[in-house]
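Q: Sharing a structure below in structure tokens format, with a few things to ask.
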Amino acid sequence: MKQFVLKKDNVRDLCIAACGEWETYVPVESAGRDVHFLKIEDENKESLLDKLALDYEYTVVPPKILAFPQLESLFEFGEQKIAETAKPSAKRFLFGLRACDVKAILFLDDFYRRNFEDIYYLNKSNNKLLVIVGCKKPLENCFCTSARTGPFLQKGFDLQLVDVGDEYVVEAGSKKGEEFVNSYKKFFDKVSKDDVENSKITKRVAREAVAIRLDFEKAIKRFCEDKIPTQIYERIAERCIYCGGCLYVCPTCSCFNVFDERKGNFGRRSRNWDACVFEGYTREASGHNPRSEKWIRTSRRYEHKLKYDYLVTGMSGCVGCGRCLTSCPVHIGISQVIEEVSKT
Amino acid sequence: MRNEYIPYPAIIKSIQAESFDTKTFRVVFEDKDLAVNFDYKSGQFMEVSLLGLGEAPISITSSPVQKGFLEFTIRGMGRLTQAILQLNIEDKIHLRGPYGNSFPFEEVKGKNLYFVAGGIGLPPLRSLIQTVFNKRADFGKVKILYGAKTPDMLCFKDELKSWSGIADTEVLLTVDEPDGNWRGNVGVVTGLWDKTDIDGAGGIAYVCGPPIMIKFVIAKLLKSGFKEENIYVTLERYMKCGIGKCGHCNIGEKFVCIDGPVFSYSRLEKFPDKERAIA
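Residue numbers (this note's numbering), protein chains in the order written: chain A, 2 to 345; chain B, 31 to 309.
Structure below.
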């Protein structure tokens with residue numbers, strides 16, 4: 002794997018240079034301290050880059066929102082005629098992603114390409130450069146080492162940045178990544194032996210800082226054997242308020258609802274995020290609902306991630322980001338379920 | 031890349047009232063090429079739209095042996111289907127599809143076929159029944175067992191009569207709530223087992239109806255000697271996209287929209303109990 006060095010002092014100029022050619026997204030701290038990936042454009046680049054937050058803890062909303070917006074128009078219509086709104090995005094430079102979120106992006110890319118292609122997602126996701134800035138200080142709810150999704154990756158990224166003090170060691174994980182470095186070579190330097198050694202230390206320290214350790218493989222095995230005691234789900238069902246928040250912030254959740262709006266002869270069909278824990282998710286017009294019971298919806302929520310996703314893709318649908326636990330108003334997280342199941 | 035979410039306009043050419051809340055619509059795509067060349071298989075469904083109101087998956091009631099039009103039998107159940115029932119001839123709807131798998135057809139030639147339906151469950155089977163009757167000599171005995179709540183709620187009343195006149199074909203009807211004119215069977219569809227000879231050995235069964243009916247019919251079929259892999263059920267689920275993306279119709283690792291809607295009972299059996307599509 003080819004390696005380079007990017008001085009932290011050069012990051013800002015690199016982003017400005019990139020946004021001339023790429024639709025460039027970077028993590029930016031908002032007034033409320035939350036971090037979001039925002040597009041830098043000519044008119045806002047200075048003010049946004051002032052708030053560039055590469056050492057962010059996590060983004061409340063996962064980067065899936067860049068290709069799968071919470072609300073999206075599918076098409077518009079007037080006088081019974083349809084006007085298509087799907088059009089390909091410019092090529093995208095996603096700078097500052099966390100390793101777990103890149104795993105999730107790859108997972109969703111695969112999902113939206115499988116069987117029928119989803120043009121709205123793929124238009125935004127097909128042409129992109131994924132740049133990881135690896136986690137230095139994993140959060141208390143993270144468990145990426147158990148899920149094997151971080152804090153740094155071996156492959157899947159185009160570029161991966163490892164913080165070694167005043168500079169980043171840059172690993173090129175793809176030809177596309179190497180080509181990017183070549184086209185912006187004035188911002189990059191040669192890597193030294195010390196840099197490489199320091200990057201290994203950064204990775205090790207980050208790995209060891211991940212506090213939650215789970216027997217992920219064993220839990221998945223249990224799920225696949227269909228040996229989960231229903232009491233596990235029933236206990237969660239007693240506490241869960243079925244708000245769906247954990248699924249909105251889940252970086253691999255992809256369910257959506259479709260709805261029409263109309264004013265006079267004009268209107269639009271849109272889709273928005275949906276969640277399988279909602280009572281109406283499977284309710285048919287007749288009133289029949291195969292998942293009317295709460296604990297059955299809970300079992301679906303966890304078995305989808307930890308059994309069915311694994312059976313179909315060989316990869317768990319959970320990337321260990323910890324967002325579900327962090328966002329939950331009643332302190333339920335998939336890590337607790339994994340831990341409990343792995344001990345059965 | 032094709033945009034699967036864009037539907038195509040079609041015009042209603044005729045409307046047949048089936049019962050007080052159910053109508054069969056014959057529609058033709060506005061686009062001439064599409065109207066002529068559109069192909070599908072018995073068992074598949076389309077996403078049917080009224081722009082501004084929404085979209086729902088509706089099985090194709092007509093048979094692909096008749097080209098140039100599609101038929102949908104629709105019961106006014108929710109907001110969208112009730113609005114569709116208000117439509118008139120020459121009104122426009124939008125369609126996309128066909129989606130889903132289909133009933134096994136070539137593989138069952140020479141076999142005895144049993145169709146068991148409840149209520150609005152006959153329309154999806156009617157497509158296959160018409161396809162079978164188009165090549166009647168290729169199949170063994172055909173028995174159609176059909177139950178509805180009231181005599182009025184039986185779909186395709188005229189066709190049921192003409193089917194019973196076809197060689198080696200038996201049509202057995204039953205209703206839960208007979209009216210004064212009803213002289214036929216009364217009770218659930220499984221009650222028809224006493225009225226005819228049902229031998230599952232080498233037979234193929236196609237089942238569609240409400241979940242509770244499916245459950246009891248499958249028990250009867252197994253008792254009559256049908257092999258699990260020779261019982262085919264077409265499922266209904268709340269669906270949005272029809273193309274395996276929105277997630278609503280998932281059961282286990284399958285999607286009813288792309289892996290179904292037709293499942294053999296041997297496949298259904300493998301679904302986790304709590305997610306069984308049948309009650």
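Just so it is clear, CB atoms sit at the ideal spot from N, CA and C, and this is done for glycine as well. Model, not experiment: these values are computed from the prediction.
Enumerate, from N- to C-terminal direction, the unbroken alpha helix (DSSP H) stretches of 4 or more residues contained entirely within the region 289-323 of chain A.
A: Runs of the alpha helix (DSSP H) inside the region 289-323 of chain A: 295-304, 310-314.
Q: Bridge partners for residue 4 of chain A per DSSP, in chain order?
A: Along the first sequence, one-based indexing puts residue 4 of chain A at 3. Its beta-bridge partners are A:172.
Q: Helix, strand or coil, according to DSSP, for residue 111 of chain B in the structure here?
A: As a working note, residue 111 of chain B is residue 81 in the second sequence. Here residue 111 of chain B sits in helix by DSSP.
Q: Give the single residue among A:280, A:204, A:40 whose Cα lies nearest to the Cα of residue 96 of chain A.
A: Here residue 96 of chain A refers to the residue found at position 95 of the first sequence. Considering only alpha carbons, the answer is A:40.
Q: Starting from the C-beta of residue 54 of chain A, find all residues in its chain whose C-beta is less than 6 angstroms away, skip the five residues before and the five after it, and write them out in chain order.
A: One-based indexing of the first sequence puts residue 54 of chain A at position 53. The residues are 28, 30, 36.
Q: In this structure, does DSSP put residue 256 of chain A in helix, strand or coil?
A: Residue 256 of chain A sits at position 255 when you count from the first residue of the first sequence. In this structure, residue 256 of chain A counts as coil in the three-state DSSP scheme.
Q: Over what stretch of residues does the beta strand (DSSP E) that includes residue 161 of chain A continue unbroken?
A: Counting from one through the first sequence, the residue named residue 161 of chain A turns up at place 160. 160-164 is the extent of the beta strand (DSSP E) around residue 161 of chain A.
Q: Could you give the distance in angstroms between the alpha-carbon of residue 79 of chain B and the alpha-carbon of residue 75 of chain A?
A: As a first step, residue 79 of chain B must be located in the second sequence, where it is residue number 49. As a first step, residue 75 of chain A must be located in the first sequence, where it is residue number 74. One C-alpha to the other measures close to 14 angstroms.
Q: Since residue 81 of chain B meets chain A, which of its residues come closer than 8 angstroms, beta carbon to beta carbon?
A: Residue 81 of chain B sits at position 51 when you count from the first residue of the second sequence. By Cβ distance, chain A contributes 78, 81, 83, 261, 263, 268, 270.
Q: Report buried or exposed for residue 312 of chain A, applying the criterion of at least 16 other Cβ atoms within 10 angstroms of its Cβ.
A: On the first sequence, residue 312 of chain A is found 311 positions in, with the first residue counted as 1. That one is exposed.
Q: Identify which residue in A:234, A:320, A:336, A:246 has its Cα closest to the Cα of residue 295 of chain A.
A: Indexing the first sequence from 1 puts residue 295 of chain A at position 294. When only C-alpha atoms are compared, the closest one is A:234.
Q: Please determine if the region 140-152 of chain A and the region 306-322 of chain A are in contact, where contact requires at least 3 C-beta pairs separated by less than 8 angstroms.
A: Verdict: yes, contact present.
Q: Taking all protein chains shown into account, decide if residue 124 of chain B is buried (16 or more other Cβ within 10 angstroms of its Cβ) or exposed.
A: Translated into the one-based positions of the second sequence, residue 124 of chain B becomes position 94. Flag for residue 124 of chain B reads buried.
Q: Between residue 236 of chain B and chain A, is there a C-beta pair that is closer than 8 angstroms?
A: Position 206 of the second sequence, counted from the first residue, corresponds to residue 236 of chain B. Residue 236 of chain B does not count as touching chain A.
Q: Cα separation between residue 75 of chain B and residue 102 of chain B?
A: As a first step, residue 75 of chain B must be located in the second sequence, where it is residue number 45. As a first step, residue 102 of chain B must be located in the second sequence, where it is residue number 72. Cα to Cα, residue 75 of chain B sits roughly 9 angstroms from residue 102 of chain B.
Q: Three-state secondary structure (DSSP) at residue 93 of chain B?
A: Start at 1 with the first residue of the second sequence, and residue 93 of chain B comes out as number 63. Three-state result, residue 93 of chain B: coil.
Q: Expressed to the nearest angstrom, what Euclidean distance is found between the alpha-carbon atoms of residue 50 of chain B and residue 184 of chain B?
A: As a working mapping, residue 50 of chain B is identified with position 20 in the second sequence. As a working mapping, residue 184 of chain B is identified with position 154 in the second sequence. Between residue 50 of chain B and residue 184 of chain B, the C-alpha separation is close to 10 angstroms.
Q: If residue 235 of chain B sits next to residue 262 of chain B, beta carbons under 8 angstroms apart, how far is it from one beta carbon to the other, in whole angstroms?
A: Start at 1 with the first residue of the second sequence, and residue 235 of chain B comes out as number 205. Start at 1 with the first residue of the second sequence, and residue 262 of chain B comes out as number 232. Yes, they are in contact, since the Cβ atoms of residue 235 of chain B and residue 262 of chain B sit about 7 angstroms apart, within 8 angstroms.
Q: To which residues of the same chain is residue 203 of chain B closer than 6 angstroms at the C-beta, ignoring the five residues directly before and after it?
A: Taking the first residue of the second sequence as 1, we reach residue 203 of chain B at position 173. Result list for residue 203 of chain B: 176, 214, in chain order.
Q: Are the beta-carbon atoms belonging to residue 255 of chain A and residue 112 of chain A less than 8 angstroms from one another?
A: By one-based count along the first sequence, residue 255 of chain A stands at place 254. By one-based count along the first sequence, residue 112 of chain A stands at place 111. In contact: residue 255 of chain A and residue 112 of chain A (Cβ atoms closer than 8 angstroms).
Q: Would you say residue 67 of chain A and residue 16 of chain A are within 8 angstroms of each other, going by their C-beta atoms?
A: What you label residue 67 of chain A is simply residue 66 of the first sequence in a count that begins at 1. What you label residue 16 of chain A is simply residue 15 of the first sequence in a count that begins at 1. Cβ atoms of residue 67 of chain A and residue 16 of chain A: not closer than 8 angstroms.
Q: Bridge partners for residue 135 of chain B per DSSP, in chain order?
A: For the purposes of this step, residue 135 of chain B is taken as residue 105 along the second sequence, with counting starting at 1. In the DSSP output, where bridge partners are listed per residue, residue 135 of chain B has none listed.
Q: What in chain A is Cβ-close to residue 271 of chain B, meaning under 9 angstroms?
A: By one-based count along the second sequence, residue 271 of chain B stands at place 241. Residues of chain A passing the Cβ test: 117, 119, 257, 259, 272.
Q: Nearest-angstrom Cα distance between residue 99 of chain A and residue 282 of chain B?
A: For the purposes of this step, residue 99 of chain A is taken as residue 98 along the first sequence, with counting starting at 1. For the purposes of this step, residue 282 of chain B is taken as residue 252 along the second sequence, with counting starting at 1. Between residue 99 of chain A and residue 282 of chain B, the C-alpha separation is close to 30 angstroms.
Q: Consult DSSP for residue 130 of chain B and reduce its assignment to one of helix, strand or coil.
A: Mapped onto the second sequence, residue 130 of chain B falls at position 100. It is coil, neither helix nor strand.
Q: Under a CB-based cut-off of 8 angstroms, is residue 111 of chain A close to chain B?
A: Along the first sequence, one-based indexing puts residue 111 of chain A at 110. Residue 111 of chain A does not count as touching chain B.
Q: Looking at the structure shown, is residue 76 of chain B part of a helix, part of a strand, or coil, going by DSSP?
A: The residue you call residue 76 of chain B lines up with position 46 of the second sequence. Strand at residue 76 of chain B.
Q: With contact counted as at least three CB pairs below 8 angstroms, one residue from each stretch, are the region 200-212 of chain A and the region 17-25 of chain A in contact?
A: Touching, no, given that fewer than three Cβ pairs across the two stretches are closer than 8 angstroms.
Q: Given a threshold of 16 other Cβ atoms within 10 Å of its Cβ, counted over all protein chains shown, does residue 232 of chain A qualify as buried or as exposed?
A: Working through the first sequence from its first residue, we reach residue 232 of chain A at position 231. Classification of residue 232 of chain A: exposed, given that the 10 Å Cβ count is below 16.
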